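Asker: For the record, the sequence lines run as chains Z, R and B.
Each residue of the first sequence is one higher than the one before, counting from 0 in numbering that gives the first Met the number 0.
Each residue of the second sequence is one higher than the one before, counting from 0 in numbering that gives the first Met the number 0.
Each residue of the third sequence is one higher than the one before, counting from 0 in numbering that gives the first Met the number 0.
Backbone N, C-alpha and C fix where the C-beta goes; we use that ideal spot for every residue, glycine too.
On a predicted model such as this, the values are computed, not experimentally measured, just so you know.
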Amino acid sequence: MPGTYHSEGIPENITRFLNISPTEPSSDSSKELYPLMANPVKKTMVEDNKCHGVTRSETFHRIKAKVFTGVSYFSGDMRVFGEWMKDQFILFQILDWVLRGAAQVMFVNNPISGLIIFGGLTLQNRWWALNGFVGTLAATVSALILRQNRGAIAAGLYGYNGILVGLLMAVFSDAGDWYWWLLLPNTFMSMTCPIVSSALGSINSRWDLPVFTLPFNILVCLHMVATGHYNNYFPQVLIQPTSSVPNITWSELDVAKLFRSIPVGIGQVYGCDNPWTGGIFIIALFISSPITCIHATIGSAVGMVSGLALAAPFDKIYFGLWGYNCVLACIAIGGMFYALTWQVHLLAIACAFFCAYLGSAIGNIMSTFGLPACTWPFCLSALTFLLITSETDTIYKLPLAKVTYPEKNLWYFWEMKKAERAEKLKKDQEERLAAEEKEKSLQKRQEAGVPGEKELGPPDTCSVTVEAVEDTQQDASEMEGGDEDVTQHCSTEM
Amino acid sequence: MPGTYHSEGIPENITRFLNISPTEPSSDSSKELYPLMANPVKKTMVEDNKCHGVTRSETFHRIKAKVFTGVSYFSGDMRVFGEWMKDQFILFQILDWVLRGAAQVMFVNNPISGLIIFGGLTLQNRWWALNGFVGTLAATVSALILRQNRGAIAAGLYGYNGILVGLLMAVFSDAGDWYWWLLLPNTFMSMTCPIVSSALGSINSRWDLPVFTLPFNILVCLHMVATGHYNNYFPQVLIQPTSSVPNITWSELDVAKLFRSIPVGIGQVYGCDNPWTGGIFIIALFISSPITCIHATIGSAVGMVSGLALAAPFDKIYFGLWGYNCVLACIAIGGMFYALTWQVHLLAIACAFFCAYLGSAIGNIMSTFGLPACTWPFCLSALTFLLITSETDTIYKLPLAKVTYPEKNLWYFWEMKKAERAEKLKKDQEERLAAEEKEKSLQKRQEAGVPGEKELGPPDTCSVTVEAVEDTQQDASEMEGGDEDVTQHCSTEM
Amino acid sequence: MPGTYHSEGIPENITRFLNISPTEPSSDSSKELYPLMANPVKKTMVEDNKCHGVTRSETFHRIKAKVFTGVSYFSGDMRVFGEWMKDQFILFQILDWVLRGAAQVMFVNNPISGLIIFGGLTLQNRWWALNGFVGTLAATVSALILRQNRGAIAAGLYGYNGILVGLLMAVFSDAGDWYWWLLLPNTFMSMTCPIVSSALGSINSRWDLPVFTLPFNILVCLHMVATGHYNNYFPQVLIQPTSSVPNITWSELDVAKLFRSIPVGIGQVYGCDNPWTGGIFIIALFISSPITCIHATIGSAVGMVSGLALAAPFDKIYFGLWGYNCVLACIAIGGMFYALTWQVHLLAIACAFFCAYLGSAIGNIMSTFGLPACTWPFCLSALTFLLITSETDTIYKLPLAKVTYPEKNLWYFWEMKKAERAEKLKKDQEERLAAEEKEKSLQKRQEAGVPGEKELGPPDTCSVTVEAVEDTQQDASEMEGGDEDVTQHCSTEM
């Protein structure tokens, strides 16, 4: 079969925000999050075991459950909506995928967030928004042509690189807005996204790592450096390395602008410098996952602080250039790919600081080639922090196939812990029982007068055979005399 | 044992153009390609099965077969000649390996093609040809000293990086022709080729990927940047980044030169700008494999078109600098490492376009360091396209150990498909038979009055034992009474 | 469980200088090196087998043994001291780990060497020494916080990147000595070391490769390029690419300085240009492992010669900049990660030459970004040479978990060879015995008149069952008649 090996790794890789595991019986995320309230059948089962005092606050719980169920229809990854979409007209489906793709840049698998994000982009610049839409569409269609995993496409995992490629190619183009020719390389590059995604996925899946925005970074840098500033058709913005000490006077620091740089930093993930656009993005994040939203804000703040600490020009900090990588890195580590514990929370902040440092470094290196830093710093720092191994079990990296969104990841982690504890308990119990059983049977045997047989060790195939044969031998040998050859055969094989 | 793990992966890697699989009974490639005509024994066997109408055009087929057998002696990978060579004097063998190495740059494992290519090189520049020869020889001898896989050496897989290192070090040297000191670093770098090849092979074999010309790229760049333009002993040609908009006037386009850029592009794989040399190379390719030849031409044309589309200076396009990477990428994807279907053909063209884009990008980046693009664009684009995973089975990546040349790869793919279909058919039949058998035996048993025994599930070792013992028990128990303990033991183990 | 997969690879990676294998019974390295003298119990056992003539020179051997035992207390990896340290106060332990970390830069796991090295650093520059100490301490403490493998921390494997980060950040700082603010980024970067080490370890462990000084390279380059020469707080030394032909007059060559460049090259591993410091480092190496010391000297000499051959400015050669990478590469290949044979010795010299070439290349590339070459050339060349696979067994790469120091590695290699030979001998003997046994039993059987049974093939589970049952059948069938069904069941399963 063609590429069986890779195809094993890839499905895991591309279904990171999906939950298609056959072992989880309930298909509604709300049910999974609140099994007690939303699923009466389960409830009774669980009640029998441990919840005898539920009746007291049952009414309150029921209301809470209804609210949660309602919220779950448009928050999280909107699984119910996604399931329902599967039976709709293909164009509607593609629209859903495109919207999810737009939101997946921030690790959010939610079409409403995607819609809000497109709104924010339109507020910023309509030409950019158009390019972003074309990019997402081209990438999604290309993934369909290349027969990539349908679940991953539906989760927008092939679209998010497309929207970034489309947007940033428009942002960094020096030909001005509404230069329609740009749609040509835009479409070509966006359609190449799934190819690069798939290839990188084959590599990263060996370490169970996502590809992040690496395809976007590679392709936008490729386009920008292939054409460059001095190109007749597709000129790029001129970016040059620093060659003099910047003038930094602390008295000139504008605190209002500094605080505004936090939403601007979140907006810069999509290349937008409008603080309102950034604010809209924050809302889009909050709808799907509050944890993501908080870490995005923390990340942006950490980036700002790092910029001040490393003597960056104030303009760059105000412009959000120190924030956007930290935003993404902080989201990725803080609850998305690790289960959120307070150690992981600290790790996420450490990663944001590291990412800011790296951002400055990569920005300086890339400027030598006339390139922006893109989201290379985020990708490299997040991959580094995801590759850490430690002997503590408070830092738990989720298997890529189980990653959905921070809240659900956390729930998965807790369930796993619970299951582990239960299994351990069960095992202990079983062992105790087995020991008792053994003792009893030994006693019985000894009473029946068949000693020495228990020394045969664990009952593997061979010993079974031996025992079986011996038993038969006991039957037969009484008439004929045992054949010792059999036992020897077995012992040499063991 | 030393390095057992790696040595498992490597043989597969280095025998990519060899066919040393023990499962293929015929050693003559012509026989494998045309089993019906060249092998009378096989013919009768096949005839019995399906070819009852062969007699009609048998004479025609026989002539055709003779022609094919004749062609097969000097086309393809010349296996017969290679086998015969194994018993010759070592110096003749090394010459064979060097010639194959020269052709392997274009994925051709054929000493005649190699000879023609050396002819083309001599036509271009005798000093370059000499350096290329020295490089191939040094790399091959070094591989022998390092005790690399003999089959891979014999296929020229350690020579092709050597010839490129030798050639391109001469091409980019600023010391002029016949600067004999150059042979010193030339030999050193060529002898390092097998080391870098082996090391990269250890990494790439994890993804079943070839090393392509990566060792050449690494080593030539290493030499050029280690010495640089401002070196007393080994100065390099001065390469500088673009710093102004090139003047592109479409009216000045010379169509004749544009078409001539296609063979020139093929010649530039070896660093040659002479269109005649390029033409000779096309002949060398055609002798071994027409599919390779066609894809080389397509690749060069795609490169030219891309150059025009990305506003490249016409001189560079005429000079074939936009073509050579696309040539190699198009050959590699179009039938060499993928089995050639029309989807793969389209993929090869897409890869050539991507490669041209990448070529421009890498060229601009490398020029910052005073380096040429070498064949980095080809390597990176081909590796990316070989890492793609897809759910379609029309894009089939051959296992590296099975790669020979496009025609034979295609035959392998077809045979595999056929075998798969046959196996499926056989399986279906077997399943049907087994079902019938089961039914029958069940009936028989039921007639004999032994029900309940069939519930034991699949006949694994344990159940066999149980049944066997039970059977014996049936015999014995009639005298003594069965021991039920045996069956329990088994059921706990199952 | 969290990250089980990675945690499998990492312990091996991080325990490269430890010997925590449970299979080696003696915990004293001296005992392992000289099992005959130092361990009387073993001695008698061995004596019984082969050492009948030992008594003659026993007194001499006993004295030698005592000397060796004494030497072993402060040479090699000082296992005894390390074991003893485990029960001491944690601050003393950390001091031990810091000292070992300082020496681990040169692959030496020895606190006395570390102390001497700190002495050398103090001789060179007290501010640098302080920064180095802070870096080692921060890295070690950070590794403890991150719950890395305790054995690896104790071996100094998390400290050596820290000392280099601390030292080199001070060396390349343009703010002058005693600029106390530097300790802030110094501590931050040093504390990031274990994170980067762990991440790189996860990748490299797939090929059973160490991380070398890659974390240091990454982090120092990151800091330097993130701040750059034009920074208000942390300015870096200005490094610029060559832009003119250097003036090389061979008559001006100073032979005394040239020879002095050998210890200076060793000192430059720690960024020190004082030849006395280099000399002190040589002593530190010699104490722990003479083989390491010799290869360090050879490496430095090879670097110097390469510099002359590639037309490097004499000043750079005198300054040891051509030596330090070759020193490390030559140590790593020559006996540290490969078992030292004369082929490996040649390979180490080849690696040193390759490393010098690479050093020049990387130096030129990095200067474009205002960066020094750091030890990238060493890392890349050593990793390349460790990835080589060959069909010869004279180049044996030790499993990472077994690497200690050259002398002990060699002993391990010899023991392994001996064990292999012994096993082979035993196997041959066993086979001969088995053949004899078989023949005998066949004769017996034939005498008893039970032919045809031996054709059943290798005695796997099934055949055993069959035979066993048949045997019983023989017993039983004489009364009832055999059940042929049993044999059929088995044959279908086989």
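Which runs of the alpha helix (DSSP H) spanning at least 4 residues fall entirely within the segment 352-433 of chain B, listed in chain order?
Answerer: 375-385
Asker: Using a beta-carbon distance below 9 Å, is R:P245 in contact with chain Z?
Answerer: yes
Asker: Take B:A351 as the anchor and find which of B:M84, B:A328, B:F187 has the nearest alpha-carbon.
Answerer: B:A328
Asker: Using 9 Å as the limit for Cβ to Cβ distance, is R:S242 near chain Z?
Answerer: yes
Asker: DSSP puts R:Q235 in a beta bridge; with which residues?
Answerer: R:S172
Asker: The ligand GTP and Z:S380: does the residue's C-beta get closer than 8 Å to at least one heavy atom of that ligand?
Answerer: Questions concerning the ligand GTP fall outside what the structure shown contains, since it holds no ligand whatsoever.
Asker: What residues are listed by DSSP as bridge partners for R:Y337?
Answerer: According to DSSP, R:Y337 bridges with R:K396.
Asker: Under 9 Å between beta-carbons, which chain R residues line up against B:I316? List them in chain order, please.
Answerer: Residues of chain R passing the Cβ test: none, with the nearest at roughly 14 Å.
Asker: At a Cβ cut of 8 Å, what residues of the segment 110-122 of chain B count as close to chain R, listed as they run along the chain?
Answerer: none
Asker: Hey, does B:F352 have any beta-carbon neighbour from chain R nearer than 9 Å?
Answerer: yes
Asker: So the alpha helix (DSSP H) R:I330 belongs to, where does it begin and stop?
Answerer: 323-330
Asker: Mind pulling the chain B residues with CB within less than 9 Å of Z:T556?
Answerer: Outside the shown range of chain Z, which is 0 to 493, sits residue 556 of chain Z, and nothing can be said about it.
Asker: Counting pairs of Cβ atoms below 8 Å between the segment 334-349 of chain R and the segment 403-413 of chain R, do you hit three or more?
Answerer: yes
Asker: Give the interface partners of B:G278 over in chain Z, defined as CB-CB distance under 7 Å, in chain order.
Answerer: By Cβ distance, chain Z contributes nothing, its closest Cβ being about 36 Å from B:G278, past 7 Å.
Asker: Go ahead and label B:T58 buried or exposed: buried means 16 or more other beta carbons lie within 10 angstroms of its beta carbon, across all protein chains shown.
Answerer: exposed
Asker: Beta-carbon of R:F384 versus every beta-carbon of chain Z: anything under 9 Å?
Answerer: yes
Asker: Return helix, strand or coil for B:V210, following the three-state DSSP convention.
Answerer: coil
Asker: So is Z:A349 in contact with chain B if we call contact Cβ pairs under 9 Å?
Answerer: yes
Asker: Classify B:F117 as helix, strand or coil using the three-state DSSP reduction.
Answerer: helix
Asker: Applying a beta-carbon distance threshold of less than 8 Å, which residues of chain R neighbour Z:L284?
Answerer: Neighbours of Z:L284 in chain R, taken as residues whose beta carbon is under 8 Å from its own, are absent, since the nearest beta carbon is some 31 Å off.
Asker: Measure the beta-carbon distance from R:I297 to R:I348 and round it to whole angstroms, keeping in mind my assumption that it falls under 8 Å.
Answerer: 7 Å
Asker: Can a CB atom of chain Z be found closer than 9 Å to the CB of B:S56?
Answerer: no
Asker: Could you tell me the distance, in whole angstroms, from the CA atom of Z:P262 to the CA atom of Z:L309?
Answerer: Approximately 21 Å, taken between the alpha carbons.
Asker: Excluding the 5 residues flanking R:A338 on each side, which residues of the same chain have their C-beta closer than 7 Å to its C-beta?
Answerer: Y395, L397, N408, L409, F412
Asker: How about B:V195 and B:P214: do their beta carbons lie closer than 9 Å?
Answerer: yes
Asker: Could you work out which residue in Z:S201, Z:G175, Z:L122, Z:F106 is closest to Z:Q147 when comparing CA atoms only?
Answerer: Z:S201
Asker: List the residues of chain R that Z:S197 touches, going by C-beta distances under 8 Å, in chain order.
Answerer: Result: L386, I387, T388, S389.
Asker: Considering only residues of the same chain and omitting the five flanking positions on each side of R:M77, which have a CB-CB separation below 6 Å?
Answerer: N109
Asker: For chain R, find out if any of its Cβ atoms is closer than 9 Å to the Cβ of B:N363; answer yes or no.
Answerer: yes
Asker: From the beta carbon of B:L357, is the nearest beta carbon of chain R less than 9 Å away?
Answerer: At least one CB atom of chain R sits nearer than 9 Å to the CB of B:L357.
Asker: What does R:L145 touch in chain B if you count any residue whose Cβ is under 7 Å from its own?
Answerer: S389
Asker: Tell me which residues share the same chain as R:A137 and place their Cβ nearer than 7 Å to its Cβ, disregarding the 5 neighbours each side in the sequence.
Answerer: G161, T186, S189, M190
Asker: I'd like the list of long-range same chain contacts for B:K416, defined as Cβ closer than 7 Å, with 5 residues on each side in sequence excluded.
Answerer: none
Asker: State yes or no: is the beta carbon of B:L309 nearer than 9 Å to at least one beta carbon in chain R?
Answerer: For B:L309, the answer is yes, since a Cβ of chain R falls inside 9 Å of its Cβ.
Asker: Give me, in chain order, the residues of the same chain whose beta-carbon lies closer than 7 Å to that of R:S299; leave out the 5 immediate sequence neighbours on both sides.
Answerer: I261, G264, I265, G322, C325, V326
Asker: So, helix, strand or coil for B:G227, using DSSP?
Answerer: DSSP places B:G227 outside both helix and strand once states are collapsed to three, so it counts as coil.
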